[in-house]
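Residues 1 to 187, numbered by full-length UniProt numbering, are exactly what the sequence shown covers, in order. Quick reminder that beta carbons are idealized off the backbone N, C-alpha and C, glycines included. Note that this is a predicted model, so its numbers are computed, not measured. To keep things clear, I will list the structure first and then write my remarks on it.
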Amino acid sequence: LTSLDDPHILECAVIITDKHLKELERGQWIVHYEKAELEKLSSFHQNTFKSRSDVRTSLILFLGGNGLFDDILASKTTKEEMEVQLLELLKRHCPEKGCPLAGSSIHWDREVIRVQLPSVYEYLHYRIIDVSSFFGVVERWIPSERWVEKEKYLDRIMQEKYIGDNNKEGGAHRAMYDVERSIEILK
């Protein structure tokens, strides 16, 4: 997103799963913006989304440099094209008003979808599954030493998946990374 005050979608990722979290299909879109538009974004955006070549690979998850700006400039996809393609993907697997939106802190994403992708918003179920809420509840139930081990496990899985494969796009604050991490949390 470009900001919380006036959000515009930079990147979108979706993994559709069955009720057992088995992946059925995924989609990922990066919306094109001009360099001048990106330069107006906050210092958070500038640091986090800068070129991967600006940061050592092993630090991408922690220091930014996830390459999103490079991918945005190279993309030819418009927001309108993304909306059409996303809706087509949903229709292949989800009955209208039958599938909830799920993810970490997903309530904000749902609100952005309502404003920026109205046809997708109308197609989705009104319920959401906020993975970060599960995470917060479990964090309070599990003794701290076991919880620390679970967090280390999640970090290791995601590092192996993204840093272990230098050709893989992403890292922290990339859409597909966030979706995959939410699924791992639910598992």
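Item	Value
Span separating the alpha-carbon of K187 from that of E180	11 Å
Simplified DSSP state of D130, which is helix, strand or coil	strand
DSSP state of residue 188 mapped onto helix, strand, coil	The structure shown does not extend to residue 188, since the chain is modelled only from 1 through 187, so no value can be given for it.
DSSP three-state assignment for L41, whether helix, strand or coil	coil
Where D178 falls, given that 16 or more other Cβ within 10 Å makes a residue buried	buried
Contact between the segment 83 to 101 and the segment 111 to 122 (3+ Cβ pairs under 8 Å)	yes
Three-way DSSP call (helix, strand, coil) for V14 in this model	strand
Three-state class that DSSP yields for T48 in the structure shown	helix
For G136, the three-state DSSP class (helix, strand or coil)	helix
Separation of I72 from L10, as counted between CA atoms	7 Å
Per-residue DSSP class, three states only, for L124	coil
Beta strand (DSSP E) segment containing D101, residue limits	Rather than Asp, the amino acid found at residue 101 in this sequence is Leu. Unbroken beta strand (DSSP E) run through L101: 101 to 103.
Contact check, Q116 vs H8, beta carbons under 8 Å	yes
Nearest neighbour of V138, chosen from I128, K150, L38, R127 [CA to CA]	K150
Exposure label - W141; buried when at least 16 CB within 10 Å	exposed
Start-to-end residues for the alpha helix (DSSP H) that takes in Y33	No alpha helix (DSSP H) contains Y33, which DSSP labels as neither H nor E.
Alpha carbon of A74 to alpha carbon of T48, nearest angstrom	18 Å
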